[in-house]
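Worksheet: one structure, shown below.
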Amino acid sequence: MQVSVGQPISRRHMLERGLWFATALMARQRIGKAQGAKARSVIQIWMWGGPAHLDTFDPKPEAGRDYCGPLDQPIETNVSGIRISQLLPMLARQADKYAIIRSMTHGINAHESASYAVQTGRLPGGRDVYPCAGAVVTLFRGYDAGYRGLIPPYIVLTEPQGRFSEAGFLGLKYKPFATGGDPAQSRFVVEGIVAEGISDERQQARRELLDELNTLARTLRPGETQLAAYMTAGEEAYELILGDARKVFDLSQEPEDVRERYGRNTFGQSCLVARRLVERGVVYVTINYRGWDTHRQHFQAMQRMLPQLDRGFATLLEDLAARGLLDTTIVWWGGEFGRTPRIQWEPPWNGGRGHWGHVFCHVVAGGGLKGGVVVGASDPRGEEVKERPVYPADLLATIYTQLGIDLNARLPHPRGEDVRVIPDNDKQVPRAGLLQEIL
Numbered sequence: 000m001q002v003s004v005g006q007p008i009s010r011r012h013m014l015e016r017g018l019w020f021a022t023a024l025m026a027r028q029r030i031g032k033a034q035g036a037k038a039r040s041v042i043q044i045w046m047w048g049g050p051a052h053l054d055t056f057d058p059k060p061e062a063g064r065d066y067c068g069p070l071d072q073p074i075e076t077n078v079s080g081i082r083i084s085q086l087l088p089m090l091a092r093q094a095d096k097y098a099i100i101r102s103m104t105h106g107i108n109a110h111e112s113a114s115y116a117v118q119t120g121r122l123p124g125g126r127d128v129y130p131c132a133g134a135v136v137t138l139f140r141g142y143d144a145g146y147r148g149l150i151p152p153y154i155v156l157t158e159p160q161g162r163f164s165e166a167g168f169l170g171l172k173y174k175p176f177a178t179g180g181d182p183a184q185s186r187f188v189v190e191g192i193v194a195e196g197i198s199d200e201r202q203q204a205r206r207e208l209l210d211e212l213n214t215l216a217r218t219l220r221p222g223e224t225q226l227a228a229y230m231t232a233g234e235e236a237y238e239l240i241l242g243d244a245r246k247v248f249d250l251s252q253e254p255e256d257v258r259e260r261y262g263r264n265t266f267g268q269s270c271l272v273a274r275r276l277v278e279r280g281v282v283y284v285t286i287n288y289r290g291w292d293t294h295r296q297h298f299q300a301m302q303r304m305l306p307q308l309d310r311g312f313a314t315l316l317e318d319l320a321a322r323g324l325l326d327t328t329i330v331w332w333g334g335e336f337g338r339t340p341r342i343q344w345e346p347p348w349n350g351g352r353g354h355w356g357h358v359f360c361h362v363v364a365g366g367g368l369k370g371g372v373v374v375g376a377s378d379p380r381g382e383e384v385k386e387r388p389v390y391p392a393d394l395l396a397t398i399y400t401q402l403g404i405d406l407n408a409r410l411p412h413p414r415g416e417d418v419r420v421i422p423d424n425d426k427q428v429p430r431a432g433l434l435q436e437i438l
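Numbering that gives the first Met the number 0 applies: residue 0 is where the sequence shown begins, and numbers increase by one.
Structural data, given as structure tokens:
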């Protein structure tokens, strides 16, 4: 709420602003009291458009060709009794590191509404726009919790998800920094940090010229705090552009064999950047992996995309584990919903799959969560939840718990309303409980 100079401030405005500050203070006090955190960071692999559960982590070959299509030979993993898609052989060898949730549900078949439900744990509708998981984690583990890195604590690789307002009512401070660019290119052009067509030498020359022209800085007197803050911000910006911090985005720092292992494509190299970011202490990284809204010629797309997913995701898990980072990093894979179990063979779909929010899969690994586990089940055709429904709020609550975030903590609401991280007994937050199976 902004009040212009000279505008009378009503009692209501004063009350609202006072309540907002009080709520924010309570939230920050809770940050300091959080106990039992097993995870420090989250890497979210967001499958933009919704991946087919039957073609990834919940194969149903027994349902027949109209359901499994040509992907009718699921493979055994390194955990007895767990099978996944035949196009995910590298992930099959890593199954002991992750848990598969085969009974995710919200019943929503529209991209925007389903994305909002999965990312916030709330159902769409009402006057409030709630913050997504990345913003909530940034509130409790970012700047307000002592994060002091030059790199923003919440990053999206490489473009915003665009289906919802990430920060919701928390405001711009908790929005992610979207890098733009493509890490698979010879130079990863990161928005505002790495300029296309401008060398580091030229950037350095520009900085030196600005310093020469900046006579104001040389006349700065003690006590001029606003100008001092402005100068400091400029110095930090150039440190991010030219200093050590920007190297986190420079994949030429990595051995060639490591880059090859991840896969020389945008997704694989994004996974490598994500690993480098959590190594530097970044709190929340989202890899926005587009291309999964496969209404037409679905299986042609799967033959191309699933091997990329397999290589990048499996290598990320393996690399995090080898570096001792998987214990403190949650890796969360999934999209807004699944896809229709029954294949649409007829034109114009020609073997496509539509939207399906009745039941779908998510995968989580690391951060103290148990691997080699399957939670819940879909029915024989993958059309409905057969056992153990898991709602988005259940999964989010489990992730927050591992991060040491109090589920009963209050979020700073602009009108001072009592809004909890994951409230109980709320019609806008359908729940079945924490995923105790993997805690």
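For each residue, glycine too, the CB sits at the ideal point set by N, CA and C.
Could you check whether residue j and residue i sit closer than 9 Å to each other, using their CB atoms as the reference points?
i	j	result
residue 41	residue 136	yes
residue 328	residue 366	yes
residue 320	residue 264	no
residue 449	residue 39	The structure shown does not extend to residue 449, since the chain is modelled only from 0 to 438, so the question has no answer here.
residue 271	residue 289	no
residue 117	residue 337	no
residue 389	residue 372	no
residue 102	residue 387	yes
residue 84	residue 54	yes
residue 341	residue 51	no
residue 49	residue 255	no
residue 400	residue 43	no
residue 35	residue 392	no
residue 402	residue 361	no
residue 134	residue 86	no
residue 244	residue 148	yes
residue 82	residue 88	no
residue 350	residue 63	no
residue 298	residue 90	no
Helix, strand or coil for residue i? Go by DSSP, reduced to three states.
i	result
residue 317	helix
residue 43	strand
residue 401	helix
residue 129	coil
residue 82	strand
residue 113	helix
residue 265	helix
residue 390	coil
residue 136	helix
residue 188	coil
residue 439	Absent from the structure is residue 439, since the part of the chain shown begins at 0 and ends at 438.
residue 311	helix
residue 146	coil
residue 91	helix
residue 65	helix
residue 160	coil
residue 107	coil
residue 58	coil
Run through the DSSP bridge pairs and tell me what residue i is partnered with.
i	result
residue 419	409
residue 99	362 and 373
residue 384	377
residue 283	41 and 153
residue 176	154
residue 355	337
residue 343	351
residue 75	82
residue 288	46
Among residues of its own chain, excluding the 5 on either side of residue i, which ones have a beta-carbon nearer than 6 Å to its beta-carbon?
i	result
residue 278	none
residue 177	155, 158 and 159
residue 437	98, 368, 369 and 372
residue 93	313 and 316
residue 13	Note that residue 13 scores 37 on pLDDT, short of 50, meaning its location in the model is unreliable; the coordinates nonetheless yield the value given after this. Counting only Cβ-Cβ distances below 6 Å, and skipping sequence neighbours, we find nothing.
residue 330	42, 364 and 365
Run the proximity test for residue i: is its beta-carbon closer than 8 Å to any non-hydrogen atom belonging to the ligand NAP?
i	result
residue 133	The ligand NAP is not part of this structure, which contains no ligands at all.
I'd like to know whether the C-beta of residue i is nearer than 9 Å to at least one C-beta of chain C.
i	result
residue 185	Among the chains of the structure shown, chain C does not appear; only one protein chain is present.
Ignore the nearest five residues each way along the sequence and tell me which others in residue i's own chain have a CB closer than 7 Å to its CB.
i	result
residue 370	95, 96, 97, 98 and 364
residue 247	150, 275, 276 and 279
residue 439	Here the chain covers residues 0 to 438 and nothing more, so residue 439 does not appear.
residue 113	105, 107, 335, 336 and 356
residue 78	94, 95 and 371
residue 431	388, 389, 390 and 393
What residues in its chain sit with their C-beta under 8 Å from that of residue i, if we drop five residues either side in the sequence?
i	result
residue 419	406, 407, 408, 409 and 410
residue 32	Here residue 32 scores only 42 on pLDDT, less than 50, and its place in the model should not be relied on; the value that follows carries that caveat. These residues qualify, in order along the chain: 405.
residue 287	45, 47, 155, 156, 157, 158, 159 and 160
query = Quick one: any contact between the stretch 351–364 and the stretch 92–112, if contact means 3 or more CB pairs under 8 Å?
reply = yes
request  = Specify whether the stretch 52–66 and the stretch 378–398 touch according to this definition: at least 3 beta carbon pairs, one from each stretch, less than 8 Å apart.
outcome  = yes
query = So does the stretch 111–130 actually touch the stretch 427–434, counting three or more Cβ pairs closer than 8 Å?
reply = yes
key: the stretch 257–271 / the stretch 297–316 touching (three or more Cβ pairs under 8 Å)   = yes
ask   = Is the number of C-beta pairs between the stretch 162–170 and the stretch 294–303 that are closer than 8 Å three or more?
value = no
query = Would you say the stretch 144–152 touches the stretch 323–337, given that touching needs at least three Cβ pairs under 8 Å?
reply = no
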